[in-house]
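Here's the structure we're looking at; comments come further down.
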Amino acid sequence: MTKFILRRLLLLIPILLGLTLLIFVFTRLLPGDPAQTILGERATPANLALVRASLGLDLPLFDQYLRYMGGLLQGDLGRSFITNRDVVDDFLQRFPATIELALAAMFFAITLGIPLGMYTAKRRGRWPDQLGTVISLIGISIPIFFLGLMLKWLFAIQFPILPDSGRIDLIDFIIPRVTNFMVVDTVIAQDFDAFLDALRHLVLPGLALGTIPLAIVMRITRASVIDVLNEDYVRTAHAKGLPSGIVDGRHVLRNALLPVVTVIGLQTGLLLGGAILTETIFGWGGVGRWIYDAVTTRDYQIIQSGVLMLALIFVLINLIVDVSYAFINPRIRHS
Amino acid sequence: MSATSGTLDTAGEERTVGLWRDALSRMRRSPAALIGGAIIGFFLLVAILAEQIAPFDPTRGDLRASYLPPGPVHLFGTNVQGQDVFSRIVFGTRLTLGIAVLSVTIGVVVGSILGALAGYFRGVVDGVIMRSVDIMLSIPGLLLAIAVVSWLGRGVVQIAIAIAVVNIPIFARILRGSLLALRDADYVIAARSVGVRGPAILLRHMLPNALGPLIVQATLALATAVIDAAALGFLGLGPPDPRTPEWGAMLSDTYRYLTDAVHLALFPGVAIVLAVLGFNLLGDGLRESLDPRLRR
Numbered sequence: 003m004t005k006f007i008l009r010r011l012l013l014l015i016p017i018l019l020g021l022t023l024l025i026f027v028f029t030r031l032l033p034g035d036p037a038q039t040i041l042g043e044r045a046t047p048a049n050l051a052l053v054r055a056s057l058g059l060d061l062p063l064f065d066q067y068l069r070y071m072g073g074l075l076q077g078d079l080g081r082s083f084i085t086n087r088d089v090v091d092d093f094l095q096r097f098p099a100t101i102e103l104a105l106a107a108m109f110f111a112i113t114l115g116i117p118l119g120m121y122t123a124k125r126r127g128r129w130p131d132q133l134g135t136v137i138s139l140i141g142i143s144i145p146i147f148f149l150g151l152m153l154k155w156l157f158a159i160q161f162p163i164l165p166d167s168g169r170i171d172l173i174d175f176i177i178p179r180v181t182n183f184m185v186v187d188t189v190i191a192q193d194f195d196a197f198l199d200a201l202r203h204l205v206l207p208g209l210a211l212g213t214i215p216l217a218i219v220m221r222i223t224r225a226s227v228i229d230v231l232n233e234d235y236v237r238t239a240h241a242k243g244l245p246s247g248i249v250d251g252r253h254v255l256r257n258a259l260l261p262v263v264t265v266i267g268l269q270t271g272l273l274l275g276g277a278i279l280t281e282t283i284f285g286w287g288g289v290g291r292w293i294y295d296a297v298t299t300r301d302y303q304i305i306q307s308g309v310l311m312l313a314l315i316f317v318l319i320n321l322i323v324d325v326s327y328a329f330i331n332p333r334i335r336h337s
Numbered sequence: 013m014s015a016t017s018g019t020l021d022t023a024g025e026e027r028t029v030g031l032w033r034d035a036l037s038r039m040r041r042s043p044a045a046l047i048g049g050a051i052i053g054f055f056l057l058v059a060i061l062a063e064q065i066a067p068f069d070p071t072r073g074d075l076r077a078s079y080l081p082p083g084p085v086h087l088f089g090t091n092v093q094g095q096d097v098f099s100r101i102v103f104g105t106r107l108t109l110g111i112a113v114l115s116v117t118i119g120v121v122v123g124s125i126l127g128a129l130a131g132y133f134r135g136v137v138d139g140v141i142m143r144s145v146d147i148m149l150s151i152p153g154l155l156l157a158i159a160v161v162s163w164l165g166r167g168v169v170q171i172a173i174a175i176a177v178v179n180i181p182i183f184a185r186i187l188r189g190s191l192l193a194l195r196d197a198d199y200v201i202a203a204r205s206v207g208v209r210g211p212a213i214l215l216r217h218m219l220p221n222a223l224g225p226l227i228v229q230a231t232l233a234l235a236t237a238v239i240d241a242a243a244l245g246f247l248g249l250g251p252p253d254p255r256t257p258e259w260g261a262m263l264s265d266t267y268r269y270l271t272d273a274v275h276l277a278l279f280p281g282v283a284i285v286l287a288v289l290g291f292n293l294l295g296d297g298l299r300e301s302l303d304p305r306l307r308r
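Next up, the structure:
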């Protein structure tokens, strides 16, 4: 097992190196000039040259890449060209918001997707199953931004029972930021009302982001449970008189969850992309929107470091999925 | 799945034709494929006959008629500029399907070439291509598309390329996987042993048998391409002319007027969902028809 993990970690090195190169080249290909963005339309050529020199943009591309890599190895991802704030600080401040949102989405996907998948599988071919199949297909086909708008219209405008944007009501609650996870910070502040308000703010964006993974988890659980229901050991368990609740929990679900776990891991990574749209609609101050804004302002430093960190997290999640899969299924470990 | 009798070449061809004919007859019995096909057929018709169907010029606004609710003259109402929403959705079909088909075509062609090279040559070529694929897949798709559009610009072709870039690694990986699985198939070994040259084996014997998963993935990729194109439009990275009727941009416009005019969001949104649903159903139906393991 240790050997398997070590081999996978070694494989990460070329991927990460390639990633830094790809992202670096990409940001340099973007049209527009950061110096121009900083100084505005009426900047003089002399001033532009000065700003370019101070940002290191006058160096040959290869030197710029070496400087960037040198900084990376020392944990220095540079400063935003526009705000001059440390990129790592900015990222760490926003990343908990994105994680909080992704966790809320996965919470909906798992707590609803697995029971629904199990329920429909056991009624295969009957109307609840067919209805479930149709609903999950529609769930996969709804774009996040449309679903987000409709949820907002229904639950925040038409029937105003949930907040339409933000992470907490900033007028009613003043919460000191400790972890930047709003739910955790309200607990630390021991403010129960603020805690409930933070949870309420998570519902709509969490549902919008979680619907696609919910539909996918439901479909995979259904297919996997159907496979397991046909196994001999399930028939044996029923034959020896075990109550069906125990058969379902101990024999069916436990064996059917393997592919579901993989899908959950992969979906968690994919949520990082969907977060850009959800964060835009719900005014959620996370990483997705931050990187998108950086692309429009040509803030190279944020783009290359932010995308790199997101990609790193995505790769690490995939690694954890692979390793946990190998842990559960010995055949993969030894192949 | 054993090869039928006859010479090697005819055996290969017979099986290929058999598989497709078989798949087609099974598709006719699959409700998913039929409904999906009908939806896509409907959208194709709308795209082709846009001029005949749309009652108004989708780009011309009339400020005296802005914000009208759905009614007999303007079926889906009008937007802030007084443009007819129904006509804009009709013409948007053409744009959306165009971008989707173009992007998936680019993705399939480039991805297949890369996947075929990797699966056929193996060794260093395989290593370099597949590691590059891994790198591409480690960047969230929408972010990659945003980056490509920011680099290339916001024309229709550029948007299609941006969406294709997201798909290329997926197609490359699928074709390589299928080719690797076929390398040791009896008919490939047989062809090699009677002296058929490498490229001929790849093109005549391996590729036709590896196409199934690729076609299924291409159909499903059309669904994500529709979503990605709309997402770019929604984020303000669609076609640069704001008068262009693009479904995602239409949704983005309504974002501010949700309280008073939800129909502005509803109709383009439903159009996107229907188109995506159509491609997803068709893809699911195709997968069931083409994959012998899923036969019931």
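Chains as they are written, first to last, in the numbering used here: chain A, 3 to 337; chain B, 13 to 308. The C-beta atom is built at its ideal place from N, Cα and C for all residues, glycine as well.
Roughly how far, in whole angstroms, is the beta-carbon of residue i from the beta-carbon of residue j, given that I think they are within contact range, below 8 Å?
i	j	result
S138 of chain A	M220 of chain A	5 Å
S3 of chain B	A313 of chain A	In the structure as shown, chain B starts at 13 and stops at 308, and residue 3 of chain B therefore has no counterpart that could be examined.
A225 of chain A	G141 of chain A	That pair is no contact at about 16 Å.
R169 of chain A	A200 of chain A	7 Å
V89 of chain A	S307 of chain A	5 Å
A287 of chain B	V238 of chain B	5 Å
L270 of chain B	I283 of chain A	Between I283 of chain A and L270 of chain B the Cβ distance is about 10 Å, and since that is not below 8 Å, they are no contact.
I52 of chain B	F291 of chain B	6 Å
I1 of chain A	R126 of chain A	Missing from the structure shown is residue 1 of chain A; chain A here goes from 3 to 337 and no further.
I147 of chain B	L24 of chain A	6 Å
So which residues of chain B does residue i contact, with C-beta pairs closer than 9 Å?
i	result
M311 of chain A	Ordered by position in chain B, no residue passes the 9 Å Cβ test against M311 of chain A, which lies about 11 Å from the chain.
S82 of chain A	Under the 9 Å cutoff, chain B gives no residues; its nearest Cβ is about 17 Å from S82 of chain A.
F316 of chain A	L149, S150, I151, P152
I293 of chain A	L155, I158
I159 of chain A	L270, T271, V274
L32 of chain A	A159, S162, W163
Just to make sure I have the definition right: I need the residues of chain A whose C-beta is within less than 9 Å of the C-beta of residue i. Which are they?
i	result
G189 of chain B	Residues of chain A passing the Cβ test: none, with the nearest at roughly 15 Å.
Name, please, each residue of chain A whose Cβ falls closer than 8 Å to the Cβ of residue i.
i	result
Y267 of chain B	L151, I283
P70 of chain B	Residues of chain A passing the Cβ test: none, with the nearest at roughly 20 Å.
L10 of chain B	What is shown of chain B runs 13 to 308, which leaves residue 10 of chain B out entirely.
A45 of chain B	Per Cβ cutoff of 8 Å: no residues; A45 of chain B is ~13 Å from chain A at best.
A277 of chain B	F148, L151, M152, W155
L247 of chain B	I278, L279, T282, Y294
Given that residue i touches chain B, what residues does it touch there, using C-beta distances under 8 Å?
i	result
P16 of chain A	R143
K154 of chain A	L270
Which residues of chain A have a Cβ atom closer than 7 Å to the Cβ of residue i, listed in chain order?
i	result
I186 of chain B	Chain A residues near I186 of chain B: none, gap ~16 Å exceeds 7 Å.
A159 of chain B	F28, V297
V274 of chain B	W155
A237 of chain B	Result: empty, since nearest Cβ-Cβ is about 12 Å, beyond 7 Å.
A193 of chain B	Simply none; closest approach about 15 Å.
For a contact meaning CB atoms closer than 8 Å, what does residue i contact in chain D?
i	result
L21 of chain A	You won't find chain D in this structure, because its protein chains are A and B.
Check whether the Cβ of residue i lies closer than 7 Å to any heavy atom of the ligand FAD, and answer yes or no.
i	result
I293 of chain A	Questions concerning the ligand FAD fall outside what the structure shown contains, since it holds no ligand whatsoever.
Against residue i, what residues of chain B qualify as contacts under a CB-to-CB distance less than 7 Å, listed in chain order?
i	result
G275 of chain A	P152, G153, L154, L155
### Query
At which residue ranges does the stretch 290 to 318 of chain A contain complete beta strand (DSSP E) runs of 3 or more residues, listed in the order of the chain?
none
### Query
Looking at C-beta atoms only, is the number of pairs between the stretch 110 to 129 of chain B and the stretch 180 to 188 of chain B that lie closer than 8 Å three or more?
yes
### Query
Just by C-beta distance, which residues in the stretch 93 to 124 of chain A are closer than 8 Å to chain B?
none
### Message
As an exercise, report each continuous alpha helix (DSSP H) stretch of at least 4 residues that is fully enclosed by the stretch 173 to 246 of chain B, in chain order.
### Response
198 to 205, 219 to 246
### Task
Evaluate the contact criterion for the stretch 73 to 89 of chain B versus the stretch 38 to 58 of chain B: three or more CB pairs, one atom per stretch, below 8 Å.
no
### Task
Identify every run of the alpha helix (DSSP H) within the stretch 161 to 245 of chain A, keeping only runs that are complete inside it and at least 4 residues long; order them along the chain.
With a minimum length of 4 residues, the continuous alpha helix (DSSP H) runs that stay inside the stretch 161 to 245 of chain A are 184 to 190, 194 to 231, 234 to 241.
#### Entry: Cβ-based contacts, 7 Å cut-off: residues of the stretch 203 to 231 of chain A near chain B
Cβ contacts with chain B: none found.
### Message
Extract the residue ranges of the alpha helix (DSSP H) inside the stretch 5 to 72 of chain A, only unbroken runs of 4 or more that lie entirely within it.
### Response
For the stretch 5 to 72 of chain A, whole alpha helix (DSSP H) runs of length 4 or above, ordered along the chain, are 36 to 41, 47 to 57.
### Cβ pair count under 8 Å reaching 3, the stretch 296 to 304 of chain A against the stretch 77 to 87 of chain A
yes
### Task
Anything in the stretch 279 to 302 of chain B with a Cβ closer than 9 Å to a Cβ of chain A? List those residues in chain order, please.
P280, G281, V282, I284, V285, L286, A287, V288, L289, G290, F291, N292, L293, D296
### Task
Determine, using beta-carbon pairs with one atom in the stretch 129 to 147 of chain B and one in the stretch 253 to 266 of chain B, whether at least three such pairs fall under 8 Å.
Using a C-beta cut-off of 8 Å, the stretch 129 to 147 of chain B makes no contact with the stretch 253 to 266 of chain B, since fewer than three inter-stretch Cβ pairs fall below that distance.
### Task
Ignoring anything shorter than 4 residues or poking outside the stretch 38 to 109 of chain B, list the alpha helix (DSSP H) runs there in chain order.
Counting only runs of at least 4 residues, the stretch 38 to 109 of chain B fully encloses the following alpha helix (DSSP H) elements, listed from N- to C-terminal order: 43 to 60, 62 to 65.
### Query
Is the stretch 144 to 152 of chain A touching the stretch 265 to 284 of chain A in the sense that three or more CB pairs, one from each, lie closer than 8 Å?
A contact exists between the stretch 265 to 284 of chain A and the stretch 144 to 152 of chain A.
#### Entry: Interface residues of the stretch 159 to 175 of chain B facing chain A [CB-CB below 7 Å]
Taking a C-beta cut-off of 7 Å against chain A, the contacting residues of the stretch 159 to 175 of chain B are A159, S162, W163, listed in chain order.
### Residues from the stretch 94 to 124 of chain B in contact with chain A, defined by Cβ distance under 8 Å
Shown here is that no member of the stretch 94 to 124 of chain B has a Cβ falling below 8 Å from a Cβ of chain A.
### Task
Taking a Cβ distance cut-off of 8 Å, strictly less, list which residues of the stretch 57 to 75 of chain A are near chain B, in chain order.
none
### Task
Please confirm if the stretch 90 to 109 of chain A is in contact with the stretch 263 to 273 of chain A, defined as three or more CB-CB distances below 8 Å between the two stretches.
yes
### Query
Can you list, in chain order, the residues of the stretch 195 to 216 of chain B whose Cβ is nearer than 7 Å to any Cβ on chain A?
If the cut-off is 7 Å between Cβ atoms, the stretch 195 to 216 of chain B has nothing near chain A.
### Task
Please determine if the stretch 231 to 245 of chain B and the stretch 194 to 208 of chain B are in contact, where contact requires at least 3 C-beta pairs separated by less than 8 Å.
Because the criterion of three Cβ pairs below 8 Å is not met, the stretch 231 to 245 of chain B and the stretch 194 to 208 of chain B do not touch.
### Message
Within 8 Å, do at least three Cβ pairs link the stretch 92 to 106 of chain B to the stretch 277 to 287 of chain B?
### Response
Touching, per the Cβ criterion.
### Query
For the stretch 127 to 148 of chain A, which residues have a beta carbon sitting closer than 7 Å to at least one beta carbon of chain B?
L139, I140, I142, S143, I144, P145, F147, F148
### Query
Counting pairs of Cβ atoms below 8 Å between the stretch 207 to 217 of chain B and the stretch 86 to 93 of chain B, do you hit three or more?
no
### Query
Are three or more beta carbon pairs between the stretch 246 to 257 of chain A and the stretch 60 to 67 of chain A nearer than 8 Å?
no
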